[in-house]
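Taken in order, these protein sequences are the chains called A and B.
Counting the first sequence from 1 gives a position; my numbering is that position plus 12.
Counting the second sequence from 1 gives a position; my numbering is that position plus 12.
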Amino acid sequence: MLLETQHLTKTFGDHVAVNDVNLQIEKGSFTALLGPNGAGKSTTMNMLIGLSRPTAGRIIYDQQPKLGVVFQGSVLDNMLTVRENLQIRADQYRHVPADRVAVLREQLGLTSFMKQRYGTLSGGQKRRVDIARALLNEPDILFLDEPTTGLDIQTRLAIWTLIQRLQREHGLTVILTTHYLDEADSADNVIVIDHGRVLARGTATEIKDRYAADLLTLTSPDVPQLAAHVAREPLRVTDQQIAFSLPTMQDALDILTTNRALISNFEFRPGTMDDAFLALTGKGMR
Amino acid sequence: MLAMIKRNLLLYFRDRSGVFFSLLGALISFVLYLVFLKKNMLASWHQLPNAKLLLDTWLIAGTLAITGITTTLTNLALLVTDKEQHIAADLELTDAGPLRLFASYLCSAAFIGMLMQVAMFAIMWGGFYVTDGLTFSASTLLNVFVLMGTSSLLATAVNAAIIRGIHSVDSLDKLGTIVGTAAGFLVGTYIPIGMLPTFAQNLVKFIPGSYVAALYRQFLMADKLNPVFAGHVAARDQFERLMGVRLNWSTLLTQQETYHIMGLIFIGAVALAFGTEWFQVWRRHRRVVHER
Chain A
13 MLLETQHLTK TFGDHVAVND VNLQIEKGSF TALLGPNGAG KSTTMNMLIG
63 LSRPTAGRII YDQQPKLGVV FQGSVLDNML TVRENLQIRA DQYRHVPADR
113 VAVLREQLGL TSFMKQRYGT LSGGQKRRVD IARALLNEPD ILFLDEPTTG
163 LDIQTRLAIW TLIQRLQREH GLTVILTTHY LDEADSADNV IVIDHGRVLA
213 RGTATEIKDR YAADLLTLTS PDVPQLAAHV AREPLRVTDQ QIAFSLPTMQ
263 DALDILTTNR ALISNFEFRP GTMDDAFLAL TGKGMR
Chain B
13 MLAMIKRNLL LYFRDRSGVF FSLLGALISF VLYLVFLKKN MLASWHQLPN
63 AKLLLDTWLI AGTLAITGIT TTLTNLALLV TDKEQHIAAD LELTDAGPLR
113 LFASYLCSAA FIGMLMQVAM FAIMWGGFYV TDGLTFSAST LLNVFVLMGT
163 SSLLATAVNA AIIRGIHSVD SLDKLGTIVG TAAGFLVGTY IPIGMLPTFA
213 QNLVKFIPGS YVAALYRQFL MADKLNPVFA GHVAARDQFE RLMGVRLNWS
263 TLLTQQETYH IMGLIFIGAV ALAFGTEWFQ VWRRHRRVVH ER
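If you want it as structure tokens, here you go:
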């Protein structure tokens, strides 16, 4: 285990931001901390990278780790060029090879705007530079705090592909926070956090299986008769359609085969991360 | 540490208008003097020979002291903005170490303070050379340059100690306004110290910049004062006390005593600034991360 937390807790006055969180992060894994705003994701991350002290509990690293962190906001200087920003940060590490900035420039495709001021870059370009900065010291673990918030869908996809490539090709351990549910889909490990507590953990598929109900919508010429034939309480009924929320795909198959004659059309939608997330965290806004 | 100093200097000079306004802030006493005060003060000094040159050097001295205070404070603002924008958190992840990072902020501030004093000196001397034919001897210039270094170190240390208590850019701006406004009075540049009420005179003695201003006046005015007061010790003391050329504790302070006082203030301020930084670092790093 590269990183482990035991009963990690952080309070601010009366407010418990992180409550008894136990994490196990394996080397080379990809973990997504998923949670709504104010769930305690960033607080957890700040403790993991040593920026804030836990009120209680322990953080245990396997060896003295080299950390790379992509913060939620920009932490580079708007008035300096990309090259200046990266070179200055690189010089502040002890064992960074002289060509590191050049290597990252190629790897992350920064060449066309190396001489541009950081402040004039687009959101996606900035994010790539931020990631390059986090990779300067060839970290063992890369932390990313909401790396794709505020980016358009193409850029989000590009950033996401980049992070996955880094994990695959360089054996990087990646831990990121996000509130985009579709992003959590491709992580090895999803940890759903709310109100500072871990609500669920596992692969995205496991979580969906466990917490997200499948949706079966049936179109029928005789809806009342169809409803009478199915023992379950329907989710909603209209003149031509009836919808059921079902725990497994098998249940859907059973309904479809036994009522074949009454069904003119059907739609089956497996549970999504959204469903699991709403089931876990509730629908209230905060 | 060098990389960090380079960054701070780059940030300062990239912001052209920032540099301009930083100079303008220091130039204000100079402009105020030229526009409003010079005529009045000259009228009250008419019995002195060389009155014009004495007044010019007196003003340069006070303005340089203010420049040291305000420009170092402006540059140290980076400490607060970096913290507020979480840049400090990012810097802490590097191998630089918090105390070295802190030291590099101070070094760049001191460097800027020195540079801006040189620039201000050149501007003012240039102006007075053209209008009043002001010149200085080489030894005076040497003394002034050494004092510029001392002045910016002292101002940096004192400002750094003050800035430790400030955590938002908003309150920093307010502090900057207060310092910018008050400095001219507190080091006796707008109004000669001897003309202030007793309470204000005592207050002036608690301001580190006053000692810098006094030394500047001693160095810059010496060449002009010596012939004027040749043989009149009492009259000279009286003048020096009035104009803040030498500050009065129980007796008028000598150059050496003034330097000693500045040294003590410097050590105290550095201890305070670094002490609080060190304490914060120590508190935060008490074994947060455990290794197997």
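Beta carbons are placed, not taken as given, at the ideal position from N, Cα and C, and that holds for glycine.
Which value, in whole angstroms, describes the spacing of the CA atoms of residue i and residue j?
{"i": "B:F33", "j": "B:I124", "result": "14 Å"}
{"i": "A:H182", "j": "A:L79", "result": "15 Å"}
{"i": "B:L5", "j": "B:V156", "result": "The structure shown has nothing for residue 5 of chain B, since chain B only spans 13 to 304."}
{"i": "A:T269", "j": "A:F125", "result": "60 Å"}
{"i": "B:R304", "j": "A:T67", "result": "The predicted position of B:R304 is uncertain, since its pLDDT is 49 and thus under 50; no value can be drawn from it."}
{"i": "B:V300", "j": "A:I219", "result": "In this prediction, B:V300 has a pLDDT of 49, which is less than 50 and means its spatial position is unreliable; what the coordinates show is noted afterwards. Spanning the two alpha carbons is a distance of roughly 32 Å."}
{"i": "B:L67", "j": "A:S64", "result": "56 Å"}
{"i": "B:I219", "j": "A:R117", "result": "51 Å"}
{"i": "A:R106", "j": "B:A101", "result": "18 Å"}
{"i": "B:G188", "j": "B:G287", "result": "23 Å"}
{"i": "B:I72", "j": "B:A172", "result": "25 Å"}
{"i": "A:R139", "j": "A:R129", "result": "14 Å"}
{"i": "A:V202", "j": "A:R209", "result": "14 Å"}
{"i": "A:F149", "j": "B:L103", "result": "It is Asn, not Phe, that sits at residue 149 of chain A in the sequence shown. Taking the straight line from one Cα to the other gives about 13 Å."}
{"i": "A:R70", "j": "A:A29", "result": "16 Å"}
{"i": "B:T106", "j": "A:I37", "result": "23 Å"}
{"i": "A:D287", "j": "A:V87", "result": "35 Å"}
{"i": "A:P48", "j": "A:A196", "result": "13 Å"}
{"i": "A:P282", "j": "A:L247", "result": "15 Å"}
{"i": "A:G50", "j": "A:V81", "result": "20 Å"}
{"i": "B:Y24", "j": "B:T69", "result": "29 Å"}
{"i": "A:L46", "j": "A:L174", "result": "20 Å"}
{"i": "B:I99", "j": "A:D26", "result": "28 Å"}
{"i": "B:S116", "j": "B:I17", "result": "5 Å"}
{"i": "A:L258", "j": "A:D206", "result": "25 Å"}
{"i": "B:L118", "j": "B:Q97", "result": "19 Å"}
{"i": "B:L21", "j": "B:G192", "result": "22 Å"}
{"i": "B:Q129", "j": "A:A110", "result": "37 Å"}
{"i": "B:L35", "j": "B:K95", "result": "25 Å"}
{"i": "A:E279", "j": "A:V235", "result": "15 Å"}
Within the continuous beta strand (DSSP E) that includes residue i, where are the two ends?
{"i": "A:A255", "result": "253-258"}
{"i": "B:N238", "result": "Segment 220-240 is the alpha helix (DSSP H) holding B:N238; no beta strand (DSSP E) there."}
{"i": "A:E16", "result": "15-24"}
{"i": "A:I71", "result": "68-73"}
{"i": "A:T43", "result": "42-46"}
{"i": "A:E279", "result": "277-281"}
{"i": "A:I37", "result": "27-37"}
{"i": "A:V82", "result": "79-82"}
Residue range of the alpha helix (DSSP H) that residue i falls in?
{"i": "B:H98", "result": "Neither: B:H98 is in no alpha helix (DSSP H) and is coded neither H nor E."}
{"i": "B:Y249", "result": "The question names Tyr, but residue 249 of chain B is Asp in the sequence shown. Element bounds for B:D249: 245-255."}
{"i": "A:N371", "result": "In the structure as shown, chain A begins at 13 and stops at 298. Residue 371 of chain A is therefore absent and cannot be evaluated."}
{"i": "B:T162", "result": "150-175"}
{"i": "B:F211", "result": "210-216"}
{"i": "A:V113", "result": "112-120"}
{"i": "B:L113", "result": "110-144"}
{"i": "B:I17", "result": "14-26"}
{"i": "B:K50", "result": "50-56"}
{"i": "A:N90", "result": "No alpha helix (DSSP H) contains A:N90, which DSSP labels as neither H nor E."}
{"i": "A:M261", "result": "261-270"}
{"i": "B:V181", "result": "181-198"}
{"i": "A:T293", "result": "285-293"}
Could you say which of the options lies nearest to residue i if we only look at CA atoms?
{"i": "A:M59", "options": "A:E38, A:N31, A:N49", "result": "A:N31"}
{"i": "B:M160", "options": "B:D182, B:R295, B:Y223, B:W261", "result": "B:Y223"}
{"i": "B:I273", "options": "B:W294, B:S56, B:E96, B:K217", "result": "B:K217"}
{"i": "A:K39", "options": "A:R281, A:P77, A:P109", "result": "A:P77"}
{"i": "B:A131", "options": "B:L254, B:D27, B:G37, B:F291", "result": "B:G37"}
{"i": "B:N238", "options": "B:P61, B:F25, B:L22, B:L113", "result": "B:P61"}
{"i": "A:T55", "options": "A:I37, A:K22, A:L35", "result": "A:K22"}
{"i": "B:A150", "options": "B:D94, B:P209, B:D235", "result": "B:D235"}
{"i": "A:D152", "options": "A:T167, A:L178, A:P159", "result": "A:L178"}
{"i": "B:I203", "options": "B:Y141, B:V142, B:M53, B:S29", "result": "B:M53"}
{"i": "B:W261", "options": "B:I279, B:H244, B:T210", "result": "B:T210"}
{"i": "A:F24", "options": "A:N34, A:M13, A:G52", "result": "A:G52"}
Determine the contact status of residue i and residue j, defining contact as a CB-CB distance below 8 Å.
{"i": "B:G177", "j": "B:A195", "result": "no"}
{"i": "A:T185", "j": "A:S41", "result": "yes"}
{"i": "A:A216", "j": "A:L292", "result": "no"}
{"i": "B:T270", "j": "B:T75", "result": "no"}
{"i": "B:M13", "j": "B:R112", "result": "yes"}
{"i": "A:G135", "j": "A:N90", "result": "no"}
{"i": "B:Q230", "j": "B:R258", "result": "yes"}
Notebook entry, point to check: Fully enclosed by the stretch 129-153 of chain A, which alpha helix (DSSP H) runs are 4 residues long or longer?
Noted result: The alpha helix (DSSP H) runs of length 4 or more contained entirely in the stretch 129-153 of chain A are, from start to end of the chain, 135-146.
Item checked: Secondary structure, beta strand (DSSP E): runs of 3+ residues fully inside the stretch 173-241 of chain A -> DSSP runs (the beta strand (DSSP E)) wholly in the stretch 173-241 of chain A: 185-190, 201-206, 209-214, 226-231.
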